[in-house]
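Contents: one structure, followed by commentary.
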Amino acid sequence: MASKFLKVKCVKCKNEQIIFEKPATVVRCLVCDEILAEPTGGKGIIKAKILGQVNKN
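Here's what the structure looks like:
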């Protein structure tokens, strides 16, 4: 199964950004530096609100 990109919203500042669902490093919000996702060796722990998947078109 292919990995996906996710559109997420930061729970702290409400910034929306696109992240990879299997991050290799900690992913932080570009605005407030809050942790959005942490690596686990597979699918990451997503700490932000997931708004949906990003389709490749």
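This note's numbering puts the first residue of the sequence shown at 129, with every later residue one more than the last. Note that the Cβ used here is the ideal one computed from N, Cα and C, for glycine as well. Only a predicted model underlies this, so the values are computations on that prediction, with no experimental measurement involved.
Would you decide whether residue i is buried or exposed? Buried here means 16 or more other CB atoms lie within 10 Å of its CB.
i: V182; result: exposed
i: P158; result: Note on residue identity: the sequence assigns Leu, not Pro, to residue 158. Exposed is the call here.
i: I178; result: exposed
i: C138; result: buried
i: V117; result: Within the shown structure, residues of the chain are numbered from 129 to 185, placing residue 117 beyond reach of any answer.
Bridge partners of residue i, per DSSP?
i: E126; result: Outside the displayed range of the chain (129 to 185) lies residue 126, so it cannot be described from this structure.
Would you identify the three-state DSSP class for residue i, choosing helix, strand or coil?
i: V229; result: In this structure the chain extends from 129 to 185, so residue 229 is not present and cannot be described.
i: V159; result: coil
i: E144; result: strand
i: I132; result: Residue identity differs from the one stated: residue 132 is Lys in this sequence, not Ile. Reduced to three states, the DSSP call for K132 is coil.
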